[in-house]
Amino acid sequence: MEINLSTIQTTAPWVLLGIGVVGVVAAIVVKKIVGKIIALVLAAVLIFIGWQQRQQVIDFANSVKNETCAASTTFVGIEISLPESWCTPAPTPAPTSA
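Pasting the structure below:
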């Protein structure tokens with residue numbers, strides 16, 4: 108295969124310009140896709156961490172229900188206060204005579 112010098116001089120700049128445009132468009136598309144993927148992964152991680160913290164607080168609250176609330180827990184570093192109704196012991200049933 109043989110190409111003339113004049114073909115190189117006239118065609119090569121257009122081919123290189125086309126490759127450059129395709130490269131820029133591809134970079135923009137990849138950047139947007141990768142950006143969206145990174146945002147989705149970050150959101151998924153934050154949701155996972157928040158859900159774990161939420162479950163930990165709920166488990167703690169259920170474990171101290173109807174007991175004294177001397178202990179406390181935190182949600183993402185924020186102190187959680189439990190409702191007063193959770194902190195009063197449930198009335199004990201009166202013993203029945205047999």
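Taking our numbering, I'd label the letters of the sequence shown as residues 108 to 205. Using N, Cα and C, we set each Cβ at its ideal position, and we do this for glycine too.
Spatial distance of residue i from residue j (CA atoms)
i: serine 170; j: lysine 138; result: 48 Å
i: glutamine 160; j: alanine 134; result: 38 Å
i: tryptophan 158; j: alanine 151; result: 10 Å
i: tryptophan 121; j: isoleucine 140; result: 28 Å
i: threonine 117; j: glycine 142; result: 38 Å
i: leucine 153; j: alanine 146; result: 11 Å
i: glycine 125; j: valine 132; result: 11 Å
i: glycine 130; j: alanine 119; result: 16 Å
i: leucine 149; j: glutamate 186; result: 25 Å
i: glutamine 163; j: isoleucine 156; result: 11 Å
i: aspartate 104; j: glycine 127; result: What is shown of the chain runs 108 to 205, which leaves residue 104 out entirely.
i: isoleucine 144; j: valine 136; result: 12 Å
i: threonine 181; j: alanine 168; result: 11 Å
Residues sharing a beta bridge with residue i, DSSP
i: threonine 181; result: Glu186
query: Which full runs of the alpha helix (DSSP H) of 4+ residues lie inside the region 123 to 164, going along the chain?
result: none
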